[in-house]
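K.L.:
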Amino acid sequence: MNTAMKKTCALIMLFVGLGAAPALAAPYVSVSAGLGLPGDFEELSNAWGVNSGVSWNGAVGYDFNGPRVEAAIGYQETDFASAGSGQTSFYSFMANACYDIPIVKGAKAYVLGGVGVMDLKADDDPPTSYWLNETYFAWQLGAGVGIDLSKSVVLDLGYRYLKPENIICAYHDADVNWENHSVMAGIRYSF
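Under numbering that gives the first Met the number 0, the first residue of the sequence shown is numbered 0, with each subsequent residue one higher.
#1: Mind checking whether residue 178 and residue 136 have CB atoms under 9 Å apart?
#2: Roughly how many whole angstroms lie between the Cα atoms of residue 152 and residue 42?
#3: Using DSSP with H/G/I as helix, E/B as strand and the rest coil, what is residue 131?
#4: Specify, as a first and last residue, the run of the beta strand (DSSP E) that residue 36 falls within.
#5: Report yes if the CB atom of residue 157 is closer than 9 Å to the CB atom of residue 138, and no otherwise.
#6: Going by alpha carbons, who is nearest to residue 58 out of 100, 76, 88 and 27?
#7: Closer than 7 Å by C-beta to residue 52: which residues in its own chain qualify, once you throw out the five before and the five after it? Chain order, please.
#8: Residue 68: which of 99, 162 and 45 sits nearest, CA to CA?
#9: If distances are taken between C-alpha atoms only, which option among 118, 190 and 146 comes closest to residue 166?
#10: Taking residue 201 and residue 32 to be in contact with their CB atoms under 8 Å, please state how far apart those CB atoms are, rounded to whole angstroms.
#11: Using three-state DSSP, classify residue 151 as helix, strand or coil.
#12: In chain order, which continuous runs of the beta strand (DSSP E) of length 3 or greater are located wholly inside the stretch 61 to 125?
#13: Let's see if you can read the secondary structure: which residues bound the beta strand (DSSP E) around residue 178?
#14: I think residue 130 touches residue 170, with their Cβ atoms under 8 Å apart; what is that distance to the nearest whole Å?
#15: Given a threshold of 16 other Cβ atoms within 10 Å of its Cβ, counted over all protein chains shown, does residue 121 qualify as buried or as exposed?
#16: Measure the C-alpha to C-alpha separation of residue 97 and residue 110 and round it to an integer number of angstroms.
#17: For the putative contact between residue 70 and residue 189, defined by C-beta atoms under 8 Å, what is the C-beta separation to the nearest angstrom?
#18: Is it buried or exposed, residue 64, if we count other Cβ atoms within 10 angstroms and call 16 or more buried?
#19: Quick check: what's the CA-CA separation for residue 162 versus residue 50?
#20: So what's residue 51 in DSSP terms, helix, strand or just coil?
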């Protein structure tokens, strides 16, 4: 079997599996909020500190009684620490894979990994013109614990590390390194 045929068969199996997935899984929605702890915007020898702020996240997904998959949207807005009027904000659109691990009755730990895009804006003197205002590929890792409050409601306490890649600031003509940490609490409701 040649390579193209193998890829075609793999794609067909993937789509058949995804079509059957809703029948085998419990759908859920989740909302969470928490403390966003952005790193500094690092550019060559310069760094711009950013204050902490509120981080928001919402997701829809399927629980396969162990593995979970979800589509998530996040938002965060914070001020620059060094400039009173400076501001940064982002929207993230992520596809996440999670795995729940039972630890005690009524509680499961989980690990999470995801990929997607982040729409990132930053400037130390808005609203003149943002020196970062682009959409970037992003990935995230996370961990947490889910505590059953009822048969269909779970209290979700977790941590997320979110990292956009290949940030280039055209205004300063330089590569920028940046990351975001979030400590979140939320509710997950299964149907």
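Beta carbons are placed, not taken as given, at the ideal position from N, Cα and C, and that holds for glycine.
P.N.:
Once the coordinates are examined:
#1: no
#2: Their Cα atoms are separated by approximately 44 Å.
#3: strand
#4: 25 to 37
#5: no
#6: Scanning 100, 76, 88 and 27 for the CA closest to the CA of residue 58 turns up 27.
#7: 35, 75, 76 and 77
#8: 99
#9: Comparing Cα-Cα distances from residue 166 to each of 118, 190 and 146, the minimum goes to 118.
#10: Residue 201 falls outside the range modelled here, since the chain spans only 0 to 190, and no answer is possible.
#11: coil
#12: Complete beta strand (DSSP E) runs here, min 3: 66 to 78, 86 to 103 and 106 to 122.
#13: Where residue 178 is concerned, there is no enclosing beta strand (DSSP E), given that its DSSP letter is neither H nor E.
#14: 4 Å
#15: buried
#16: The alpha-carbon atoms of residue 97 and residue 110 are separated by roughly 6 Å.
#17: With a Cβ gap of about 16 Å, residue 70 and residue 189 do not count as contacting.
#18: exposed
#19: When only Cα atoms are considered, residue 162 and residue 50 end up about 17 Å apart.
#20: coil
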